[in-house]
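Sequence lines, in order, name chains A and B.
Each residue of the first sequence is one higher than the last, beginning at 10 in the numbering used here.
Each residue of the second sequence is one higher than the last, beginning at 30 in the numbering used here.
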Amino acid sequence: MLKIKNINTCYGQVHVLKNVSLHLDEGEIVTLIGANGAGKTTLLNSLSGIVPLKSGEILFAGSPIGNLAPHKIVALGISQVPEGRQVFKPLSVEDNLELGAYPNYKRKEGRKEVKKIMEMVFNLFPTLLERRKQLAGTLSGGEQQMLSIGRALMAGPKLLLLDEPSMGLAPMIVQEIFRVIENLSREKRTTILLVEQNARASLKMADRGYVLETGRVILQGSASELLENREVQRAYLGKDKKEIWER
Amino acid sequence: MKIWDPRHECIPRDELEQLQLERLQATINRVYKNVIYYRKIFSELGVIPEDIQSLSDLTHLPFTTREDLRLNYPYGMFAVPLREVVRIHSSSGTTSKPIVVGYTKNDIRMWSNLVARFMTAAGVAHDDLVQIAFHYGLFTGAFGLHYGAETIGASVIPMSTGNSEKQIMIMQDYKTTVLVCTPNYAMALAGRMEKIGVDPKGLSLRVGLFGGEPWSETMRREIENRLNLSATDNYGLSEVIGPGVAGECLHKNGMHISEDAFIPEIVDPETGATLPPGSIGELVLTTLTKEAFPMIRYRTGDITSLDYAMCDCGRTMVRMKKTMDRSDDMLIIRGVNVFPSQIEEAIFSIAQDVPPHQLVVKRQDEMDVLEVMIEVTENIFSLEMQKQRMFLDSLRKRIRSMVGIDVAVRLVEPGSIPCQDGKIVGVIDRRQL
């Protein structure tokens, strides 16, 4: 459903993404792993139109979206859950969610749909229902992450871009978030591109993965292959040095 | 008919090309980072990984030849540290030094699945009994087929080569359904069965997977009739992975190349220029999924052509014609690659001199035989009879240890080896394929 060919992105003079090509098939979970500064977030931002492309091609469901404005890309069915949640803190949970449904209001049946989707989101995250009137700024980190995912889902995306959903969260909460992501994929057939520091957990959940190193894809393959790859184990899975280097 | 990996074997061409591009770029990035040889040769040509923006940009990259592998003997072309390699194989090079190839754990798994593809395409299933009569050892053939069969879930009988009567006995008693060997050995087995009065129709053989050397359609018909099975060809070479590059389906109209793992090109063997689809030329392969030993544009030396027309079996993978010719002087004798330069090196190491000599390949009792004819020089002539015999004996042994096959060595009169345009005809191949 998504095809990226040879995209290059620059911040000023700094060449960040170098000829990155990747694809996602419908219903897949694909994960991007790489060290800090490898270009993972930049890739997501290029997809959602926040960072302009220097060159290259992005096809979504067959049509080019390479240089569209972000709101048009959301309307086509790509929603991003940004790094560090970025919820609107002074607004209530409900208002945050409604803002996520912005593209739907333009359509005739929009209001009804928004209600339906909001119910679905509350089903996924019952805590959000309990706190629907509470201000987003007063939520815990985990709840804010749930809200951030919920807000992205409000636009009814076909493709969900998740940037570090586990960052700074307690292990229990991370498990909960990952369970929901897996549900979205298995039950709702949402296609997911997942950027994660926790490479082991994301590879366990994903179908396939790409490994970025200084803006280049150096490895790609099924998640099980990447978990077996020594280079990945050494650099990203935090395998004890002893296990790998010493006999 | 069952397809082992329909997700990849039947992939639409545009999706395949995207996958190939992604894998090619990752491979180039990795060899540029990890293989000193490739980094050096790319920078000499002023090529950086970012120059590869489409599959056709592959032609900007240099070829890798057998000579390059020889110069980087033994581990120079490895893209991972040796501690990540779980298997080492080798194949003969143009000199006494072989070519060394390595596999990681993932490589072995990927290889097994590629072999499982063509074995399934040939009709092998999980309830088959597969008798493997390839030589187990440094050669990749036996292990590749062994893993492929196990991956399918078939039962493997790792017979290795030789001892035809025992092979036949096991076929009878164990009820072997699939035979894996070189086509020549299949002929030899059929001959032996006739001699000892075993009727192939009384055996359980159903499928034959024959590879390791070129064979013709005539030979296929003969093997199928004599052994009462369906015979398919498959193709591979150790430098690229071993068996598993390509294999025939039951339509027997060319070998499907696993294009999600290898990019095939056809080039002019003289100029190296890329030839348009359908042309006959030398096959060049680039690996897309190998971790330990990736190859960029490897010159296989095999002459063939590619057919992109859809096959009735449903696989979208391109088909290559049976290879019948070589672009170099490599001979394939009983499945073993032999270079005339290796023989020359052996002669020099024993005689301290290279007298005029000629290699004659012929078929005796349905087996390939290599004869080395050496013109008698003064040095050899002056030896006593016993020393002459010792000389021939040690030469035979030396060739055996260097090349890996038994040869016959004969002394002939000076000037008796035929010349053409003042040059000695180095190789005569009297086999009729």
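Ideal placement from N, C-alpha and C gives every residue a C-beta, glycine not left out.
No experiment lies behind these values; they were computed from the predicted model shown.
- Query: Roughly how many angstroms lie between the CA atoms of G119/A and N113/A, to the nearest whole one?
  - Reply: Annotation: G119/A to N113/A spans about 5 Å, alpha carbon to alpha carbon.
- Task: Using a cut-off of 9 Å between C-beta atoms, extract the partners of H32/A located in chain B.
- Result: Residues of chain B passing the Cβ test: E44, Q47, L48, E51.
- Query: Along chain B, which residues have their Cβ under 9 Å away from the Cβ of V226/A?
  - Reply: Going along chain B in sequence order, the residues near V226/A (Cβ under 9 Å) are E51, Q54, A55, N58.
- In chain order, which beta strand (DSSP E) runs of at least 3 residues are fully inside the stretch 360–406 of chain B? The qualifying runs are 360–362, 365–367, 386–393, 396–404.
- Item | D352/B to E237/A span [Cα, whole Å] | Correcting the residue identity first, residue 352/B is Thr in this sequence and not Asp. So the alpha carbons of these two residues sit roughly 36 Å apart.
- Any idea if S83/B is buried or exposed, counting beta-carbon neighbours within 10 angstroms, 16 or more meaning buried? Flag for S83/B reads exposed.
- Using the Cα positions of L167/B and G271/B, report the straight-line distance between them to the nearest angstrom. Our two residues, L167/B and G271/B, have alpha carbons roughly 11 Å apart in a direct line.
- Interface flag, N135/B vs chain A, CB-CB below 7 Å: Answer yes: the Cβ-Cβ gap between N135/B and chain A drops below 7 Å somewhere.
- Task: Go through the stretch 65–95 of chain B residue by residue and report every complete run of the alpha helix (DSSP H) that reaches 4 residues or more, in order.
- Result: Within the stretch 65–95 of chain B, the runs of alpha helix (DSSP H) that reach at least 4 residues and sit entirely inside it are, in chain order, 65–73.
- By the 10 Å Cβ neighbour count, where 16 or more other Cβ atoms means buried, how is E374/B classified, buried or exposed? Buried.
- Query: Alpha carbon to alpha carbon, how far is G150/A from P174/A?
  - Reply: Computed Cα separation, rounded: 11 Å.
- Query: Using the beta-carbon of each residue, which ones in chain E are nearer than 7 Å to Q82/B?
  - Reply: The structure shown contains no chain E; its protein chains are A and B.
- Query: Residues of chain B with a CB under 7 Å from the CB of Q229/A: which are they?
  - Reply: Simply E51, R52, A55.
- Message: Given this structure, state the Cα-to-Cα distance separating W33/B from R459/B, to the nearest angstrom.
- Response: One Cα belongs to W33/B, the other to R459/B, and the distance between them is close to 40 Å.
- Query: Where N45/A and L178/A are concerned, what is the direct C-alpha to C-alpha distance, given to the nearest angstrom?
  - Reply: Between N45/A and L178/A, the alpha-carbon positions lie close to 18 Å from each other.
- Apart from the five residues just before and just after G310/B, which ones in its own chain have a Cβ nearer than 6 Å to its Cβ? Once the five neighbours on either side are set aside, the close Cβ partners of G310/B are I295, V296, D297, L304.
- Query: Are at least three pairs of beta-carbons, each pair with one atom in the stretch 346–361 of chain B and one in the stretch 229–248 of chain B, less than 8 Å apart?
  - Reply: Contact annotation: the stretch 346–361 of chain B touches the stretch 229–248 of chain B, with at least three C-beta pairs closer than 8 Å.
- Counting only beta-carbon atoms, is E79/B nearer than 7 Å to chain A? Closer than 7 Å: yes.
- Residue from E251/B, I325/B, P78/B whose Cα sits closest to the Cα of E395/B: Residue E251/B holds the alpha-carbon nearest to the alpha-carbon of E395/B among E251/B, I325/B, P78/B.
- Pull up the CB-CB distance for L33/A and L246/A, whole angstroms please, since I reckon it's below 8 Å. Contact doesn't hold; Cβ gap of about 23 Å is too wide.
- Listed by chain order, chain B residues near E37/A by CB distance under 8 Å: Residues of chain B passing the Cβ test: none, with the nearest at roughly 12 Å.
- Item | Contacts that K213/A makes with chain B (C-beta to C-beta distance below 9 Å) | Neighbours of K213/A on chain B: none; closest Cβ ~17 Å, over 9 Å.
- Report the three-state DSSP secondary structure of Y264/B (helix, strand or coil). It is a strand residue.
- Query: Is D34/B helix, strand or coil by DSSP?
  - Reply: Coil at D34/B, not helix or strand.
- For E277/B, which of helix, strand or coil comes out of DSSP? E277/B: strand per DSSP, three-state reduction.
- Residues of chain A with CB under 9 Å from K62/B, in chain order? Chain-ordered, the chain A residues with CB closer than 9 Å to the CB of K62/B read E222, R225, I227.
- Message: Short of 6 Å in beta carbon distance, which residues of its chain neighbour Q229/A, apart from the five on each side in sequence? Order them along the chain.
- Response: Cβ within range, chain order: Y219.
- Shortest alpha-carbon distance to G273/B belongs to which of F172/B, H280/B, K452/B, N254/B? Closest by alpha carbon: F172/B.
- Which residues in chain A sit within 9 Å of E299/B, going by Cβ to Cβ distance? E299/B does not reach chain A, its nearest Cβ partner there being about 33 Å away, counting only Cβ pairs nearer than 9 Å.
- Message: Excluding the 5 residues flanking G48/A on each side, which residues of the same chain have their C-beta closer than 7 Å to its C-beta?
- Response: Listed in chain order, the non-local C-beta contacts of G48/A below 7 Å within the same chain comprise V25, L26, L221, G224, local neighbours out to five positions each way being set aside.
- Message: Using a Cβ-Cβ distance cut-off of 7 Å, determine whether E288/B contacts chain A.
- Response: Closer than 7 Å: no.
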